[in-house]
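For reference, the structure is listed below as structure tokens.
In this note's numbering, the protein residues as written are 8 to 201.
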């Protein structure tokens with residue numbers, strides 16, 4: 008596993024921990040549609056992002072990469088949803104399962120020379136979506152309650168700066184990851200199927 012992939016994994020772990028902390032802190036203030044959107048957003052962002060990393064890291068074993076990615080998505084969406092309601096748990100777990108599966112399948116179908124680029128692109132996309140998710144969550148909390156909370160939950164600038172910092176770190180990663188196809192990794196390209 009290259010340094011860049013470890014940076015990407017820490018990036019998604021940070022988003023999962025921040026979301027879990029925010030939902031736990033304000034779980035009684037988050038209701039209605041937001042209570043269903045939040046676990047779905049977390050499950051899909053973290054499941055898909057984690058799936059791209061796991062799919063690349065365990066590309067030689069398709070079953071293991073898909074199983075691990077699905078479990079990451081289910082845990083991310085399910086744990087956050089369980090803090091809200093049973094319905095939110097199901098919404099988050101199922102969304103995370105689907106996103107994790109898609110992330111792993113995408114990486115397995117791509118040539119290894121494209122993995123670093125694809126992981127970076129989806130880090131940027133998922134970082135943007137998490138920033139919008141942060142704005143949505145903070146907009147649901149009353150200003151006096153938000154001001155009394157821990158500083159990491161008060162301002163969206165923390166999420167923006169964190170996403171930017173991880174993207175810069177990823178582009179400056181020490182190793183570029185595998186650039187040649189793994190001899191143990193058979194080609195899964197649809198073009199090669201006859």
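C-beta: ideal position from N, C-alpha, C; glycine also.
With three or more CB-CB distances shorter than 8 Å, the segment 36 to 46 counts as touching the segment 83 to 101. The Cβ atoms of residue 39 and residue 80 lie no closer than 9 Å to each other.
Collapsing the DSSP output to three states places residue 89 in a helix.
Residue state for residue 117 is assigned as coil, using DSSP reduced to three classes. DSSP, read as helix, strand or coil, puts residue 96 in helix. Secondary structure note for residue 26: its alpha helix (DSSP H) is the uninterrupted segment 10 to 32. Pairing residue 154 with residue 11, the inter-Cα distance amounts to about 36 Å. Ranked by Cα distance from residue 169, the options 133, 78, 111 and 92 are led by 133. For residue 123, the three-state secondary structure derived from DSSP is helix.
Bounds of the alpha helix (DSSP H) holding residue 53 are 39 to 64. Judged by DSSP in its simplified three-state form, residue 149 adopts coil rather than helix or strand. Take residue 127, set aside five residues on each side of it, and the residues of its chain with a beta-carbon closer than 6 Å to its own are 177, in chain order. Setting aside the 5 residues that flank it on each side, residue 90 is surrounded in the same chain by 30, 31 and 34, each with a C-beta closer than 7 Å to its C-beta; the list follows chain order. Under the three-state reduction of DSSP, residue 173 is assigned to helix. Contact annotation, residue 173 with residue 18: C-beta distance approximately 4 Å; criterion of less than 8 Å satisfied.
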